[in-house]
Structures are given as structure tokens and as C-alpha cells.
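Those letters in the sequence shown? Residues -22 to -1, 1 to 271, by mature numbering (1 follows the signal peptide of the UniProt record, and there is no 0).
Backbone N, C-alpha and C define an ideal beta-carbon position, used for all residues, glycine too.
Treat the numbers as computed from the prediction; the structure is a model and nothing was measured.
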Amino acid sequence: LWSCPSGPLPLVLSLWSSPLWSSPSGPVPLVLSFWSCPSGPLPSGPPLKMHCRSCALVTSSGHLMGGGRGEEIDRAECVIRMNDAPTALGYGRDVGRRTSLRVIAHSSMQRVLSNITFSSLQDTVFIFWGPSSYMRRDGKGLVYNNLRLMNQVLPKLKVYMISRQKMLQFDELFKKETGKDRRISNSWLSTGWFTMTIAMELCDRINVYGMVAPDHCREPQPPSSPSPYHYYEPLGPEECAMYISHERDRSGSHHRFITEKRVFTSWARTFNIHFYQPDWEPPPLTTLTTDLR
């Protein structure tokens, strides 16, 4: 497990997952631990205590553009974002301006750290995830080394990493919910998977903005108005093309975006999760029975 010179500072979160994640005696908790290595004036107690009555989980989807949901998003008690998705540069009207928590993949680390502002030091918690080779703390872990240096330069920065043991628990949750072994199927869990799972623990209600339904890309798409995968990259990859290529490819490590959305749809039937921009609700379970596995 990750530790600091003065000893590990654990935050333990118990996630009660969907009915599929159960045992004869009831639901089995998925325990998530985040470890930080604070230095300087940071407190030495538990590094993060966070509970939100309402959360806005803002995706990076191009569907957010033109919706004017920014003020609505900012009214949530906590606003959760992913990777380096921006709020400045005129995006605030559609995606909001506040950020309470940002979940970041190792591949986005440099872009996020290079854009940290003074306000984010006061208001934002950063949680990083990545493969164990990037997180190792023996001098060879790229993410750990960068975060440790950043913590020395900006000691008030609230930075956390997901431990290797808990990464394995995320894998196990994916397998329990889908019947698919992530590693055998050459898949990487997406930042959206980690973000939704963390939000389920922290939030009483989750309003998800920009996430399409799992069958969205099977519907006829207007050829003149494809939605970009990232709202801040309007000339970048098209959303459905990205989802379909990742879902079907078995030759290398890819995200299973559509499979993950099926799981989120299932969770939304049990938990207080709602989808906006586009607005949709999970269909009755019977209509998805033949498509879930």
C-alpha cells in the first residue's frame, strides 16, 4: 500500500454496489482507499472527509455544448469533473465554473498540473489513478514522482492517489457487474468508471451531465451534426465513432465505454442517479434483458 515517511493516511470508503454485487447475507462492500503524502502545513489526520447531498458529475462530452446548464451545474453542492476538462475559455455557460473534485487518469496528469490555478488550490480535490508501474514510490513511478514534487511546490494542493489494492477492487467490481474480466478482454477501465464509482460513495444524489444512454450510438445519427467526444476538442474524434471502435476492438487495451454505460444504467435503477444533457431515464429492465451481457 502507498505510505508516506510518517506513515499512511487512509481514507476508506465503503461502496454498496448494485444488487448484482451481493452475498447471501446482503450486499458486499467495495472498500476504496485513497492515500496522500502531505507535507508542510497539511493536517496529519484523515486526508479527505467528503460528503455531498447533491453532486453534478460533469462529463467531457460534446453534448454539453449549447445546453446552457452551467448555472444549474454550479448549484450542486459538489461538482465533479474528469481529467483536464476546462471550465474557462467561455465554456462556463454550458459546463459550469465550479469544481469540487477532479478525477484524473495518469495520461492527463501533465495537462492538469500545468493548468492548476490559485482558486483550485483552495476549492478542488484531485484524485489520480493509473497502473501500478506509474504509481510506484521507489523513484520509478512517473505519477508519484510528479505529484510528490508538486506537493512540495504547492503544499496546499489536495492531491490523492488510488492504491494498487483498490485498483484491483475496481477491476473486481467491473467483473461482478459485467461478467467480463477486464484484463482477459484487453480492457482499461475509463476515468468515467472511477468517477461514477467514487461519486456513488460521496453523493446522496448524482446528476450526470453529458452522458448518453448505452444504445445511443445504435440510433441513426444526423450526419451533419455529430457530437465530438470532448466538448473542448470540437474538431477531435466523434463520440459514437470512439465508443464503437473501443467497444469492438479486441487487439489491444481499449475502454469499454458502452459496456460501462450499461452498468451505470443498471445502477441508476437502484441508486439516486439521473442523466441530463441529453435528458434520459433508464428503460424498464425487461427491455434490456437480451442486451446486458
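{"Check": "Coarse secondary structure for residue 141, derived from DSSP in three states", "Outcome": "coil"}
{"Check": "C-beta contact flag for residue 217 and residue 209 at 8 Å", "Outcome": "no"}
{"Check": "The alpha helix (DSSP H) enclosing residue 113, as first and last residue numbers", "Outcome": "110 to 113"}
{"Check": "Under the three-state DSSP convention, the category residue 219 falls into", "Outcome": "helix"}
{"Check": "Classification of residue 85 by the beta-carbon crowding that lies within 10 angstroms, buried from 16 upward", "Outcome": "exposed"}
{"Check": "Cβ neighbours of residue 77 in the same chain (closer than 6 Å, five flanking residues each side left out)", "Outcome": "57, 59 and 102"}
{"Check": "Terminal residues of the beta strand (DSSP E) in which residue 32 lies", "Outcome": "30 to 36"}
{"Check": "Residues near residue 282 by beta carbon distance below 6 Å, same chain, minus five either side", "Outcome": "Shown here, the chain extends from -22 to 271; a query on residue 282 therefore has no answer."}
{"Check": "Proximity of residue 79 and residue 132 at Cβ, strictly below 8 Å", "Outcome": "no"}
{"Check": "Segment limits, beta strand (DSSP E) that includes residue 177", "Outcome": "No beta strand (DSSP E) holds residue 177; the alpha helix (DSSP H) holding it covers 169 to 180."}
{"Check": "8 Å contact criterion, which residue 185 and residue 30 should meet: CB distance rounded", "Outcome": "Actually they do not touch by this definition, with Cβ atoms about 11 Å apart."}
{"Check": "Beta bridge counterpart(s) of residue 66 as assigned by DSSP", "Outcome": "Paired residue(s): none; residue 66 is not in a bridge."}
{"Check": "Supposed close pair residue 191, residue 258 - CB separation, criterion 8 Å", "Outcome": "5 Å"}
{"Check": "With 16 other Cβ atoms within 10 Å as the buried cut-off, status of residue 272", "Outcome": "The question about residue 272 has no answer here: the residues shown for the chain are numbered -22 through 271."}
{"Check": "Heavy atom of the ligand HEM within 7 Å of residue 170 beta-carbon", "Outcome": "Within the structure as shown, the ligand HEM is missing, as the structure has no ligands at all."}
{"Check": "Local Cβ density within 10 Å of residue 240, reported as buried at 16 or more and exposed below that", "Outcome": "buried"}
{"Check": "Beta-carbon proximity of residue 62 to residue 43, cut-off 8 Å", "Outcome": "no"}
{"Check": "Straight-line gap, residue 70 to residue 48 (C-alpha atoms, nearest Å)", "Outcome": "6 Å"}
{"Check": "CA-to-CA distance, residue 211 to residue 128, given in whole angstroms", "Outcome": "27 Å"}
{"Check": "Alpha-carbon to alpha-carbon, residue 75 and residue 296", "Outcome": "The chain is shown only over -22 to 271; residue 296 falls outside these bounds and no answer can be derived."}
{"Check": "Inter-residue Cα distance where the pair is residue 22 and residue 110", "Outcome": "Confidence at residue 22 is low in this model, with a pLDDT of 32, below 50, so the placement of that residue is unreliable and no value is reported for it."}
{"Check": "Residues that DSSP places opposite residue 187 in a beta bridge", "Outcome": "36 and 254"}
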